[in-house]
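Residue numbers (the numbering used here): 4 to 395.
Glycine included, C-beta positions come from ideal geometry on N, C-alpha and C.
Notes follow once the structure below has been shown.
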Amino acid sequence: MNRKERGSIRQNANLITRLERENVRRVLLASAISVLVLSPVWLGHILMRDLRMSVMLAWIYLAVTDLLEICFLASAYYLLRSKRSEWYTRFLCCYWIVEEILLLLLGFAGTSKMSIMMKFLLFVAGGCLVPIIPPIPQIMSIVSEVLILGAHMLLGNLDFERVVYALIIVAFGNVVARQSYLNYIKQLADYSRLTDVTRQAETDQMTKLLNRRGLERRISSVWPVCNRQGTEVAVIMMDIDNFKKYNDSFGHGAGDTCIQKVSTVLMKQAKRTSDIAARVGGEEFLILLTGIRQEDAVRWAMECKKTIEDMQIPHARNNFLPYVSVSMGICHCNLKRDRREFWELRSEADRSLYQAKEAGRACIFMKDQMYARTMAEFGSQERMKERAFRSI
4 MNRKERGSIR QNANLITRLE RENVRRVLLA SAISVLVLSP VWLGHILMRD
54 LRMSVMLAWI YLAVTDLLEI CFLASAYYLL RSKRSEWYTR FLCCYWIVEE
104 ILLLLLGFAG TSKMSIMMKF LLFVAGGCLV PIIPPIPQIM SIVSEVLILG
154 AHMLLGNLDF ERVVYALIIV AFGNVVARQS YLNYIKQLAD YSRLTDVTRQ
204 AETDQMTKLL NRRGLERRIS SVWPVCNRQG TEVAVIMMDI DNFKKYNDSF
254 GHGAGDTCIQ KVSTVLMKQA KRTSDIAARV GGEEFLILLT GIRQEDAVRW
304 AMECKKTIED MQIPHARNNF LPYVSVSMGI CHCNLKRDRR EFWELRSEAD
354 RSLYQAKEAG RACIFMKDQM YARTMAEFGS QERMKERAFR SI
């Protein structure tokens, strides 16, 4: 399966999830309307004795219906708040099966033909106008509506003329439902395409990290929230050591591969949804970590640096280390105590990165203090270089 096919499958899955989320939202509204509007209507039927069932059964039906609708209301609210998309399909199937049964019982409970007709119209409206129905469920809905009309006709509840009127309403309702489905799918597809175009414009195509434009957009939305909530943040600037030597020795193709390997480490390390990793220069990267203490930011940088060095990517013969290493500069700030702008922290992280380079590279600097300096062991550097060059 190629990348295009995987992207298409992922896009279709996203469309289905969005469609189901919209239907869950509509279930929330429909359940609220049922409790606030339809229950008083049913109560009126009970008081007027306009039912084929006993008063006791009518009260039981009302109580069970309200209880179920309240449960569905609470469940829909929970699913929307928690974003438990894996439960959407099961929840919607359960809701519509129960709802169809309740509306079906309601339709057969009327005493007059007009009452039965009105309840059937409510059944059609609930099935066609409330959910956004995909093709196969819509066909099943049409079949059930026709069968119910046939049952009413056989039982003598509705005459032929009213059945014909009802069939016309069924056809009209399903045309509206089908058009609603097509319009919504088109909106989702347009939104998905727009999102993809925006993502491509804001992503560095070689590393799949954010580019400068993407970084600016993310910062513009994230930084005001961080300042408002008084979050602890860390801005980390990272640079691949002596990358020009690497390119001169191995060529630009190998240089691109090296950058991709380093970027893969960054993506794995910056794994929280709040973490931001961007490529801001040829071999220069920026990472923003939010909700992190100073010592944890240093620990994160040390782990990231060690992971890159442990890959043992061969470097140029005249480099100070036989393998690729990185230098880092960190600026940590508690925005609760000191409200600052992002560019101020970035400038300070840049200064720390410059200190790391001036100190000999392959180290981390924060607030004039050095961390995790990598030194080649005496006598091992030449052996590692020879082994690395023999593997090329």
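- When rounded, the separation of the alpha-carbon atoms in Gly284 and Leu191 is 35 Å.
- In the displayed model, Gln272 falls within a helix according to three-state DSSP.
- Classified as buried, Lys308 has 16 or more neighbouring CB atoms from the shown chains inside 10 Å of its CB.
- Per DSSP, reduced to three states, the secondary structure at Thr234 is coil, with no helix or strand assignment.
- Between Ser277 and Ser252, the alpha-carbon positions lie close to 38 Å from each other.
- The region 298-315 and the region 202-215 do not touch, with fewer than three beta-carbon pairs separated by less than 8 Å.
- As computed with DSSP, Val283 is found in no beta bridge at all.
- The region 212-230 and the region 313-327 do not touch, with fewer than three beta-carbon pairs separated by less than 8 Å.
- Distance from the CA of Met156 to the CA of Leu108, rounded to the nearest whole angstrom, comes to 16 Å.
- Rounded to the nearest whole angstrom, the C-alpha separation of Val101 and Ser183 is 23 Å.
- Around the Cβ of Gly159, a 10 Å sphere holds fewer than 16 other Cβ atoms; the residue is exposed.
- Taking every protein chain shown into account, the CB of Phe163 has fewer than 16 other CB atoms within 10 angstroms, so this residue is exposed.
- Between the alpha carbons of Gly153 and Pro140 lies a distance of about 20 Å.
- Shortest Cα-Cα distance from Ser78 to any of Val27, Lys122, Lys189, Val149 involves Val27.
- Going by beta carbons, Ile145 and Val173 fall inside the 8 Å limit.
- Scanning its chain for C-beta atoms nearer than 7 Å, with the 5 sequence neighbours on each side dropped, one finds around Arg376 the residues Ala365, Cys366, in chain order.
- The alpha-carbon of Leu39 is positioned some 26 Å away from that of Glu148.
- For the region 110-178, the full-length alpha helix (DSSP H) segments reaching 4 residues or more read 116-131, 138-157 along the chain.
- From the listed residues Ala352, Thr198, Cys97, Tyr80, the smallest Cα separation to His335 is found for Ala352.
- In this structure the region 85-105 touches the region 61-75; the number of beta carbon pairs closer than 8 Å is three or more.
- Per DSSP, the unbroken beta strand (DSSP E) holding Ser330 starts and ends at 329-337.
- In this chain, Met373 is not harboured by any alpha helix (DSSP H); it is covered by the beta strand (DSSP E) spanning 372-374.
- If you ignore the 5 residues before and after Lys339, its C-beta comes within less than 6 Å of the C-beta of Gly233, all in its own chain and listed in chain order.
- Straight-line measurement puts the Cα of Ser223 at about 27 Å from the Cα of Ser330.
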